[in-house]
Amino acid sequence: MKEILKIRSLKKIVRRKPILRDINLTLSEGEILGLIGPNGAGKTTLLKIISGSITATAGSVQLAEPESGIGVLPETPALLPSLSGFQNLQLLASIRRKAREQEIREAMKTVGLDPANRKAVGNYSLGMKQRLMLAQAIMEKPKLLLLDEPTNGLDPLGIIDLRQLLFRLASQGVGIIIASHLLHEIELMCHRVAIISNGSIVREVNLQSSEQHLIEISVNSRSDWDKLVRWAGKDNLRPLPSKDFPRGILNSELPVSRVLAELLPAGIAIESIQRAAINLEAIFLECSQLKDGVYR
Amino acid sequence: MLTNIIRLELKRILGKKKLLVLGILGIGLLITGVVIYLEYNTPQRTSFEAFSFATGYILPLALPLLAGLSTGDMLAEDRHLGLVQLFMSRGVLPYQYISGKAIGSVVGQICFTGGLLITFLLTTFLLFPAGPILEYAADFAKAFAATNPMVYCLVLLLIYVCAATAFSGIALLVSVWIENIFVVVVTPTILYFAALYSLSMSLINPYCYLALNEGVSSSPSFTFLKVMGYWITISVTVHVLAVMAFSLKKDHS
Ligand SMILES: Nc1ncnc2c1ncn2[C@@H]1O[C@H](COP(=O)(O)OP(=O)(O)O)[C@@H](O)[C@H]1O
Ligand SMILES: [Mg+2]
Chain A
121 MKEILKIRSL
131 KKIVRRKPIL
141 RDINLTLSEG
151 EILGLIGPNG
161 AGKTTLLKII
171 SGSITATAGS
181 VQLAEPESGI
191 GVLPETPALL
201 PSLSGFQNLQ
211 LLASIRRKAR
221 EQEIREAMKT
231 VGLDPANRKA
241 VGNYSLGMKQ
251 RLMLAQAIME
261 KPKLLLLDEP
271 TNGLDPLGII
281 DLRQLLFRLA
291 SQGVGIIIAS
301 HLLHEIELMC
311 HRVAIISNGS
321 IVREVNLQSS
331 EQHLIEISVN
341 SRSDWDKLVR
351 WAGKDNLRPL
361 PSKDFPRGIL
371 NSELPVSRVL
381 AELLPAGIAI
391 ESIQRAAINL
401 EAIFLECSQL
411 KDGVYR
Chain B
15 MLTNIIRLEL
25 KRILGKKKLL
35 VLGILGIGLL
45 ITGVVIYLEY
55 NTPQRTSFEA
65 FSFATGYILP
75 LALPLLAGLS
85 TGDMLAEDRH
95 LGLVQLFMSR
105 GVLPYQYISG
115 KAIGSVVGQI
125 CFTGGLLITF
135 LLTTFLLFPA
145 GPILEYAADF
155 AKAFAATNPM
165 VYCLVLLLIY
175 VCAATAFSGI
185 ALLVSVWIEN
195 IFVVVVTPTI
205 LYFAALYSLS
215 MSLINPYCYL
225 ALNEGVSSSP
235 SFTFLKVMGY
245 WITISVTVHV
255 LAVMAFSLKK
265 DHS
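Taken in sequence, the protein lines are chains A and B. For the first sequence, my numbering assigns the number 416 to the last residue and increments by one with no breaks. For the second sequence, my numbering assigns the number 267 to the last residue and increments by one with no breaks.
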């Protein structure tokens with residue numbers, strides 16, 4: 121996959137206080153990267169540096185296609201309250217003259233807004249403003265999208281729409297960074313997660329289950345379990361506590377279908393088998409613990 | 015890109031309903047000045063004299079606030095709404111962005127204050143016959159105003175427009191650092207009155223240059239140029255400073 125963004129040794133110091141310390145990050149075409157961390161971790165600052173409205177103290181941000189622009193969804197909607205939604209987008213589009221009226225209308229329809237709605241944006245609900253901001257971010261068809269807390273103010277339907285839109289854009293090759301403090305949201309939307317704490321990226325986690333080697337499996341009886349252990353090897357099978365069927369985590373590079381195809385002829389009665397989900401919450405808690413054991 | 019930005023800013027500032035409201039307010043204030051004019055004696059009541067009297071009575075007090083309110087908040091508004099980031103992410107450079115604001119501030123004031131005073135001048139034509147200004151003109155230009163009342167009024171108009179751009183520029187400069195719209199809008203007024211009281215009648219007291227409180231020593235045309243030069247110098251300085259300060263700033267949102 122082609123890299124569209126490369127951040128190297130990025131630092132930001134404001135009034136002698138380090139806000140970002142040595143951030144290294146890359147983003148590929150079509151990738152959705154989650155930036156997760158507690159409030160004040162530096163997510164917004166990092167996105168603002170990438171979008172160019174804040175200058176880094178040191179380090180570099182390289183865009184593969186700077187001329188294609190960056191779509192930005194700020195933390196809070198930035199709109200002129202007296203204008204209609206369409207007029208707001210028209211005004212922003214006149215900066216680069218890249219999106220024509222037709223494209224503005226399409227972007228509004230994509231996010232579920234009516235381009236013909238004359239209502240002033242000041243009277244919009246927060247969710248509608250957020251949808252309009254999303255429209256301005258995508259209307260010029262940028263190759264890079266930066267979304268800061270995108271589900272702020274969105275209703276459940278809006279969140280589902282957003283997720284589908286992001287998946288579609290990613291499949292068209294758009295690279296997307298989502299900053300959020302909501303674990304579950306990130307888990308559902310992102311291919312990869314960078315956990316940011318106190319201005320540093322403390323961990324990167326790949327959420328794509330295809331690259332995930334853990335399979336959760338349960339079998340009918342103890343004897344099935346013993347056969348399973350013999351098949352897998354003791355080191356590759358970690359038992360889990362269970363109240364009925366023996367259960368464990370299998371570490372295997374084989375796809376689930378191959379594992380099944382090998383176990384069934386061996387006469388092992390399988391009760392359930394599935395890819396084990398990555399427990400982002402556990403990783404996050406582990407990362408946000410301070411040395412003295414106090415959660416930040 | 016720069017032309018796009020300038021066009022956008024001009025369209026934005028001139029399309030503001032706020033300007034219309036402030037214009038009506040300004041006309042209202044100036045009409046109050048005309049009412050006061052009626053209580054004063056004069057050998058001949060004329061439209062030009064009404065214009066000279068009312069503007070000289072009202073604007074040295076109200077112009078800084080009118081200018082601040084009408085176009086002084088352009089940058090503060092964007093910063094408050096968070097729009098700056100949306101410009102920068104579209105590849106607009108800080109100097110391009112702030113240049114659009116500076117030009118918007120100057121052109122906006124030319125249109126707002128110029129439009130306000132032309133409208134007011136036309137209004138006085140409805141109320142009084144045209145004629146010489148015999149009584150209420152600046153001391154240094156009494157004779158000039160009596161013989162060339164129309165030109166005198168147009169010169170006044172130019173001076174007020176230049177002063178208004180200076181006040182708007184001060185607000186723009188302040189908003190490079192201050193985001194609070196209210197503070198930004200009233201700063202020109204506060205600085206003006208602070209200067210008025212602290213500088214008393216010294217050479218750089220802005221009140222002297224707005225109320226045309228000049229001696230009668232020099233010729234009218236020289237004094238006019240001096241007054242206009244005073245305001246243009248301030249206006250250019252603060253706008254250039256605003257462009258430089260914003261361009262050199264590291265963080266723009
Ligand atoms: N302009 C600024 N001046 C000083 N400190 C700032 C500024 N902007 C952000 N900070 C500080 O930087 C840290 C990171 O802020 P931010 O990037 O908004 O975090 P997040 O988006 O992860 O919640 C916070 O401690 C915040 O107080
Ligand atoms: Mg934030």
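Every residue gets a Cβ at the ideal spot worked out from N, C-alpha and C, and that includes glycine.
| Check | Outcome |
| --- | --- |
| In the DSSP assignment, find the unbroken beta strand (DSSP E) run with A/Pro359 in it and report its ends. | Leu357 to Leu360 |
| Would you please verify whether the beta carbon of B/Lys115 is less than 8 Å from any beta carbon of chain A? | no |
| Rounded to a whole number of angstroms, what is the C-alpha to C-alpha distance between A/Val241 and A/Leu193? | 16 Å |
| Along chain A, which residues have their Cβ under 9 Å away from the Cβ of B/Val98? | Ser173 and Ala198 |
| I'd like to confirm something about B/Val198: is its beta-carbon nearer than 7 Å to some heavy atom of ligand 1, or not? | no |
| Just how far apart, CA to CA, sit A/Asn326 and A/Leu334? | 13 Å |
| Mapping the DSSP letters down to three states, classify A/Leu282 as helix, strand or coil. | helix |
| Where does B/His253 land, buried or exposed, given buried means 16+ other C-beta within 10 angstroms? | buried |
| Taking only the alpha-carbon atoms, compute the straight-line gap between A/Glu221 and A/Asn208 and give it to the nearest angstrom. | 12 Å |
| Using alpha carbons as the reference points, say which of A/Pro235, A/Lys249 and A/Glu336 lies closest to A/Leu380. | A/Glu336 |
| Return the bridge partner residues of A/Arg312 from the DSSP annotation. | A/Leu153 and A/Asn326 |
| Within the 8 Å Cβ cut-off, does B/Leu22 reach chain A? | yes |
| For B/Val257, which residues in the same chain have their Cβ closer than 7 Å to its Cβ, ignoring the five residues on either side in sequence? | Tyr109, Ile112, Ser113 and Ala116 |
| Check whether the Cβ of A/Arg251 lies closer than 8 Å to any Cβ atom in chain B. | no |
| According to DSSP, simplified to helix, strand and coil, what is A/Pro138? | strand |
| Compute every distance between the C-beta of A/Val181 and the non-hydrogen atoms of ligand 1, then say whether any falls below 7 Å. | no |
| Determine the chain A residues that contact B/Ile195 at a beta-carbon separation under 8 Å, and present them in chain order. | Simply none; closest approach about 13 Å. |
| Using a beta-carbon distance below 8 Å, is B/Lys264 in contact with chain A? | yes |
| Specify, as a first and last residue, the run of the beta strand (DSSP E) that A/Ala178 falls within. | Ala178 to Leu183 |
| How would you write the range of the beta strand (DSSP E) that A/Ala299 sits in, first residue to last? | Gly295 to Ser300 |
| Return the residue from the list A/Val313, A/Ala386 and A/Arg217 that minimises the CA-CA distance to A/Trp345. | A/Ala386 |
| Scan the region 100-165 of chain B and note each continuous alpha helix (DSSP H) run of 4 residues or more that stays entirely inside, going in chain order. | 108-141 and 156-161 |
| Quick check on the burial criterion: 16 or more other C-beta atoms within 10 angstroms. Buried or exposed for A/Arg251? | buried |
| What's the gap between the Cα of A/Met309 and the Cα of A/Val322? | 20 Å |
| With a 10 Å radius around its C-beta and 16 neighbouring C-beta atoms as the bar for buried, classify A/Met121 as buried or exposed. | exposed |
| In whole angstroms, what separates the C-alpha of B/Leu83 from that of B/Ser232? | 35 Å |
| Indicate, with yes or no, if ligand 2 has a heavy atom lying under 7 Å from the CB of A/Glu195. | yes |
| Assuming B/Tyr150 and B/Glu53 are in contact, meaning their beta carbons sit under 8 Å apart, how far apart are those beta carbons, in whole angstroms? | Incorrect: roughly 12 Å between the Cβ atoms, too far for contact. |
| Just to check, is the beta-carbon of B/Thr137 closer than 7 Å to a non-hydrogen atom of ligand 2? | no |
| Alpha carbon to alpha carbon, how far is A/Arg216 from A/Ile152? | 26 Å |
| Enumerate, from N- to C-terminal direction, the unbroken alpha helix (DSSP H) stretches of 4 or more residues contained entirely within the region 192-279 of chain A. | 205-216, 221-230 and 246-258 |
| Starting from the C-beta of A/Asp412, find all residues in its chain whose C-beta is less than 6 Å away, skip the five residues before and the five after it, and write them out in chain order. | Note that A/Asp412 scores 48 on pLDDT, short of 50, meaning its location in the model is unreliable; the coordinates nonetheless yield the value given after this. There are no such residues. |
| I'd like to know whether the C-beta of A/Pro194 is nearer than 8 Å to at least one C-beta of chain B. | yes |
| Is there a Cβ from chain A that is less than 8 Å from the Cβ of B/Phe142? | no |
| If you measure from the CB of A/Thr164, is any heavy atom of ligand 2 nearer than 7 Å? | yes |
| Measuring from the CB of A/Ala299, is there a heavy atom of ligand 3 at a distance below 7 Å? | Only ligand 1 and ligand 2 can be found as ligands here, which leaves ligand 3 out of the picture. |
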